[in-house]
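FYI, the numbering for the sequence shown is 2 to 674, going by our numbering. All C-beta atoms in this analysis are idealised placements derived from N, C-alpha and C, irrespective of residue type, glycine included.
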Amino acid sequence: MFKKILIANRGEIACRVIKTARRMGIKTVAVYSDADRDALHVEMADEAVRIGPAPSNQSYLIIENILDAIKQTGAEAVHPGYGFLSENSKFAEALEKAGIAFIGPNVKAIEVMGDKIESKKFANEAKVSTVPGYLGVIKDAAEAVKIANDIGYPVMIKASAGGGGKGMRIAWSESEVADGFKSSMSEAKSSFGDDRVFIEKFVTEPRHIEIQVLADGKDAIYVGERECSIQRRNQKVIEEAPSPFLDEATRKAMGEQAVALAKAVDYRSAGTVEFIVDKDKNFYFLEMNTRLQVEHPVTELITGIDLVEHMIRIAAGEKLSLKQSDVKLKGWAIESRIYAEDPYRSFLPSTGRLVRYQPPAEGVHGGATVRNDTGVFEGGEISLYYDPMIAKLCTHAETREAAIDAMSEALDQFRIEGIQHNIPFLGAIMEHPRFRSGALTTGFIAEEYPEGFHGVEMTPERAKLLSLVATFVNELHAERATEISHQLPHRQRILPTDWVVSFGKEWSQRVQAQETTGGLEIAVLSDEGEVKSRHHVQSNWRPGQSVFRGAIDGQPVVVQLERARGLQGYNLSYRGSTENIVVRTRRAHELAQFMPEKVEADTSKLLLCPMPGLVVSINVEEGQEVKAGEALAVVEAMKMENILRAERDGVIQQINCKAGDSLAVDEVILEFE
């Protein structure tokens with residue numbers, strides 16, 4: 002067994018590999034760029050080596066820099082994680098020449114299966130069903146349009162190298178093919194150093210289901226499947242294992258085909274064979290990822306198999322210790338990818354310092370397991386140079402419903418401040434009836450949120466629950482205020498008992514609060530003061546705590562909360578929604594109705610930068626007339642290019658920046674007449 006391995010990656014996956022290596026008694030070496038000098042993976046590893054400036058194409062993607070770090074530290078093997086050099090055959094060859102073990106597949110497998118174009122050709126030769134498409138290299142946008150017209154719309158434009166949604170576009174028309182082809186090439190070159198793209202038919206109503214394989218170059222097994230259909234912009238958001246769609250016969254057929262494909266290329270290590278599955282359970286080979294997948298934790302949770310450990314053991318020359326009969330699927334696991342992005346602003350990336358980072362406690366809670374794979378810490382910084390993932394939150398329980406419930410509760414406990422994040426969106430999906438029913442396709446997000454995400458609709462049941470929590474919290478704050486001001490001795494009450502809980506000016510509810518043994522008795526009143534219902538609220542919550550844990554009428558409740566600025570009530574986050582709730586006396590509530598509302602500034606004649614980023618291009622000139630939908634500028638952030646389009650017809654009056662400029666969020670790019 003190796004004594005020391007180097008991890009040629011960063012963030013949560015580097016931390017994940019370090020944990021297994023540490024358990025196996027193997028020392029680890031971290032590599033880092035200038036932006037990651039104080040990163041968590043650097044702190045966790047036994048040694049760390051600087052490999053270059055912040056941009057990945059000057060650090061993590063430079064093979065020579067990784068080889069130098071290996072020489073400096075005497076590492077015997079390299080784990081590549083995912084992304085970066087993980088599917089780079091030249092990197093694997095360089096390690097082989099240097100006598101360093103690669104904790105991954107052989108060069109042949111990487112070359113054949115790591116390249117999406119070549120892998121499809123190989124799959125065709127192996128008589129594996131593939132999605133119709135054009136597998137040749139496409140030279141320019143004109144050729145791309147012609148090919149797309151021949152295949153028939155919609156089509157998928159995909160980068161030949163890499164993955165993670167980078168360099169991928171769905172096109173429904175000639176104009177979208179032309180724009181998407183250019184952006185896909187640019188993103189692919191920036192992310193993977195390879196600008197080749199190809200085009201294939203986009204299967205409607207598809208499910209994305211992938212098979213995990215383990216192989217040692219001779220024997221191979223499949224370790225269940227993962228459902229990865231909840232995607233946004235071709236980027237996976239929520240994954241689960243097993244799939245709620247597959248039956249045992251389909252699972253076996255897909256697994257056996259994945260194993261046959263792995264054996265055909267003498268595969269060794271962990272790998273994933275991805276399939277598109279239609280509504281009739283017909284499945285088509287999509288690609289093979291010759292690396293560890295981001296979503297591997299859900300497979301580990303339902304099987305009890307440490308995939309990273311098996312990767313290390315196989316790379317060290319050990320035979321695969323598992324047989325197909327050893328793989329048993331137990332329970333259900335869900336993974337939510339927590340990203341630094343603003344779901345209320347078209348999921349645009351968000352960068353900055355993590356002022357608060359307080360994930361839910363890991364371990365077994367109430368029959369469910371919580372696991373959080375992360376590479377960040379409170380006080381750390383989310384950089385614009387890398388993927389915006391903050392953490393991978395996973396839950397495991399006996400049933401799918403229990404796993405989803407556990408995820409909802411865990412998301413409610415996850416506190417992040419300083420940057421925008423997608424936790425409200427993830428919480429909303431967990432509560433969505435279609436998701437809970439398992440009726441998933443890769444179009445789920447586009448179909449259920451066609452106008453973007455704007456929060457969760459407030460139902461009477463949710464309003465009542467949050468009003469009871471707000472009343473309880475307000476009661477304790479009011480009690481503490483009277484004690485601090487020495488108005489009366491402790492526990493001698495002069496507080497009002499009659500309150501009005503309100504959400505803005507649209508919804509309000511009268512309540513009465515009375516202390517009882519072990520909690521607070523809260524009566525919900527009609528406008529005339531008649532008691533409509535009574536509720537018993539219990540909690541050990543105290544002022545200053547950011548998470549309310551308690552019970553309402555005996556039912557457990559977890560709500561995240563904070564005092565709103567200016568002491569205007571509380572911001573309560575629950576199941577995907579965040580509401581500002583104010584608790585006032587009846588007289589204060591009456592007077593509040595006369596307060597004027599703040600008028601938002603008019604920015605209709607401005608194109609604002611929606612996120613911190615780099616201006617790739619300005620596509621218009623001053624004085625130019627533009628039509629609604631026309632591309633105005635391209636801004637890159639976190640390795641993704643964003644095309645900013647005109648929302649209406651107009652004339653460009655002034656341009657305030659140029660290609661190459663770095664812009665802050667809401668900085669004015671150009672102005673209209």
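Of all alpha-carbon atoms in G444, G453, I523, the one lying nearest the alpha-carbon of Y345 is that of G453.
A Cβ-Cβ distance of about 19 Å is found for the pair F199 and S174, leaving them out of contact under the 8 Å criterion. Spatial neighbours of I391 in its own chain (CB-CB distance under 6 Å, excluding positions within 5 residues in sequence) are listed in chain order as I339, A341, V377. Spanning the alpha carbons of Q359 and E379 requires a straight line of approximately 7 Å. Judged by DSSP in its simplified three-state form, F504 adopts strand.
Distance check between Q213 and each of S192, S230, G256 places G256 closest, using alpha-carbon atoms only. DSSP lists A638 as the beta-bridge partner residues of M641. Only residues of its own chain outside the window of five on either side were considered, and among them R646, A647 have a CB closer than 8 Å to the CB of G630, listed in chain order. Taking R587 as reference, the option from T74, R233, S503, S185 with the minimal CA-CA separation is S503. For R314, the three-state secondary structure derived from DSSP is helix.
In this chain, the beta strand (DSSP E) harbouring H209 covers 208 to 217.
Judged by beta-carbon spacing, E637 lies within the 8 Å limit of L615, meaning their Cβ atoms are closer than that value. Residue environment analysis places E275 among the buried positions, since at least 16 neighbouring C-beta atoms fall within 10 angstroms of its C-beta. In the three-state DSSP reduction, E112 falls in the helix class (H, G or I). Collapsing the DSSP output to three states places T352 in coil.
Taking the CA atoms as reference points, M459 sits about 25 Å from I420.
Excluding sequence positions up to five before and after L412, its CB lies within less than 6 Å of the CB of I424, L427, G428, all in the same chain and listed in chain order. Residue environment: T442 is assigned as buried (16 or more neighbouring CB atoms within 10 Å of its CB, all protein chains considered). Taking a contact to require three or more Cβ pairs closer than 8 Å, the region 259 to 273 and the region 468 to 480 do not qualify as touching. Secondary structure of G519 (DSSP, three-state): coil. Annotated three-state conformation of G12 is helix, per DSSP. Contact check for I306 against W333 fails: the beta carbons are separated by 8 Å or more. A distance of 8 Å or more separates the beta carbons of E418 and H433. In the displayed model, Q359 falls within a strand according to three-state DSSP. Annotated three-state conformation of G26 is coil, per DSSP. Counting every other CB atom within 10 Å of its CB across the protein chains shown gives F595 a total below 16, marking it as exposed. Fewer than three beta-carbon pairs drawn from the region 117 to 133 and the region 15 to 33 are found closer than 8 Å, and the two stretches are therefore not classed as touching. In terms of Cβ geometry, R372 and P298 form a close pair [threshold 8 Å]. One alpha carbon belongs to M639, the other to Y386, and they sit about 5 Å apart.
Of the candidates L215, A142, K280, E177, K280 places its Cα closest to the Cα of E206. Within the same chain, Cβ atoms closer than 8 Å to the Cβ of R314 are found at M2, S322, the five residues on either side in sequence being excluded. Its Cα nearest to that of L136, the residue R197 stands out among L521, A78, T517, R197. Here the alpha carbon of I670 sits roughly 17 Å from the alpha carbon of P350.
With contact defined as three or more Cβ pairs closer than 8 Å, the region 522 to 537 and the region 546 to 556 are in contact. Within the region 575 to 604, the runs of alpha helix (DSSP H) that reach at least 4 residues and sit entirely inside it are, in chain order, 587 to 593.
Comparing alpha carbon positions, the residue from D35, T251, A145 closest to G53 is D35.
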